[in-house]
Amino acid sequence: MDDNKMPPQNKKQQSLIAKSEKGRLLSARSDTQVYEAIRAALADARGKVVAAVNTAMVGVYWEIGRQITEAVGERAEYGRSLLAYLSERLTTEFGKGFTERNLRAMRQFYEAFPIRHTLRAELSWSHYRLLMRVEEPSRREFYLNESADSGWTSRQLERQINSFFYERLLATQKENRPEVAGEIFKLEPAKEADYILKDPYILEFLDLKENSKYSESELEQGLIDRLR
Numbered sequence: 100m101d102d103n104k105m106p107p108q109n110k111k112q113q114s115l116i117a118k119s120e121k122g123r124l125l126s127a128r129s130d131t132q133v134y135e136a137i138r139a140a141l142a143d144a145r146g147k148v149v150a151a152v153n154t155a156m157v158g159v160y161w162e163i164g165r166q167i168t169e170a171v172g173e174r175a176e177y178g179r180s181l182l183a184y185l186s187e188r189l190t191t192e193f194g195k196g197f198t199e200r201n202l203r204a205m206r207q208f209y210e211a212f213p214i215r216h217t218l219r220a221e222l223s224w225s226h227y228r229l230l231m232r233v234e235e236p237s238r239r240e241f242y243l244n245e246s247a248d249s250g251w252t253s254r255q256l257e258r259q260i261n262s263f264f265y266e267r268l269l270a271t272q273k274e275n276r277p278e279v280a281g282e283i284f285k286l287e288p289a290k291e292a293d294y295i296l297k298d299p300y301i302l303e304f305l306d307l308k309e310n311s312k313y314s315e316s317e318l319e320q321g322l323i324d325r326l327r
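Just so you know, the sequence shown maps onto residues 100 to 327 in my numbering.
Below is the structure:
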């Protein structure tokens, strides 16, 4: 039987099937678009949470370092007793993250970067912990700016410091420097907010446990609680 002689009922059924198939395909495309839009919104929100935590953490650690440095001055013995006192009280009131070792790192942070406005908001406390190991000021400034401008993760920064990236770049002909600078992104993909949210320093600052999953709202609340 050709299509022209097909009973009206069969034609109607085929038409309904065709419309159903078309609707299913349109729905599938629509579902994907909705998912991608939601995913983008979540990624943006997560990035903002990470940025807020990093900014608050770096800022308050710099201030703690300044307070300790100015209080201690050249009195080494007093410095040791002050750190022990502060560590005990801060840990009792604010939770983990304020060991004597960490407080010494905050003091070192201030001493390495005494001018607050020279700090780069793009960098995390993990970045600054690595930068503090670079003793020569010119090298430290180079890594600071390169990390911020190129969007290096702390792992990328550590690898570049350990591989003497600064020295290799200076020894490379000017026209070949972009190739050397691009090596890092061939080895590791761009940073993801999900990775940064697992940064132990961030979790420590918010007094959250490692190896646990937290929503953006929980991280935001942790930040609010920490800064009260």
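All C-beta atoms, glycine included, are put in the ideal place defined by N, C-alpha and C.
| Item | Value |
| --- | --- |
| Are there 16 or more other CB atoms within 10 angstroms of the CB of arginine 174, so buried, or fewer, so exposed? | exposed |
| If distances are taken between C-alpha atoms only, which option among Ala220, Glu221, Ser225, Tyr265 comes closest to phenylalanine 241? | Tyr265 |
| Kindly indicate the opening and closing residues of the alpha helix (DSSP H) around proline 299. | 299-304 |
| Assign serine 246 to one of two classes, buried (16 or more other C-beta atoms within 10 Å of its C-beta) or exposed (fewer than that). | buried |
| For leucine 256, count neighbouring C-beta atoms within 10 Å of its own C-beta (all shown protein chains included) and say buried if the count is 16 or more, exposed if not. | buried |
| Specify the secondary structure class of isoleucine 163 as computed by DSSP and reduced to three states. | helix |
| Compute the Euclidean distance between the alpha carbons of serine 343 and arginine 188, then round it to the nearest angstrom. | Any answer about residue 343 is impossible in this case: the structure gives the chain only from 100 up to 327. |
| On the premise that serine 253 lies in contact with serine 223, defined as a C-beta separation below 8 Å, what is that separation, rounded to the nearest angstrom? | 6 Å |
| Which word fits leucine 225, buried or exposed, when buried means at least 16 other C-beta atoms lie within 10 angstroms of its C-beta? | For the sequence presented, residue 225 should be read as serine rather than leucine. Buried. |
| Could you say if the region 132-148 and the region 187-206 meet the contact criterion of at least three C-beta pairs nearer than 8 Å? | no |
| If you drop the 5 nearest sequence neighbours on each side, which residues of the same chain put their C-beta closer than 7 Å to that of arginine 228? | Ala204 |
| If we call anything under 8 Å between Cβ atoms a contact, is lysine 202 one with leucine 230? | The residue asked about is misnamed: residue 202 is leucine in this sequence, not lysine. No. Outside cutoff. |
| Under 6 Å Cβ to Cβ from isoleucine 301, same chain only, skipping five residues before and after it: list those, please. | Val152 |
| CA-CA distance, alanine 211 and alanine 140? | 37 Å |
| Compare the Cα-Cα distances from arginine 219 to each of Arg206, Gln132, Pro236, Asp248 and report the closest residue. | Asp248 |
| With burial defined as no fewer than 16 other Cβ atoms inside 10 Å of the residue's Cβ, what is the status of glycine 250: buried or exposed? | exposed |
| Spatial neighbours of arginine 238 within its chain, please: C-beta separation below 6 Å, excluding the five flanking residues on both sides. | Tyr265 |
| What does the Cβ neighbour count give for arginine 206, buried or exposed, with the cut at 16 atoms within 10 Å? | buried |
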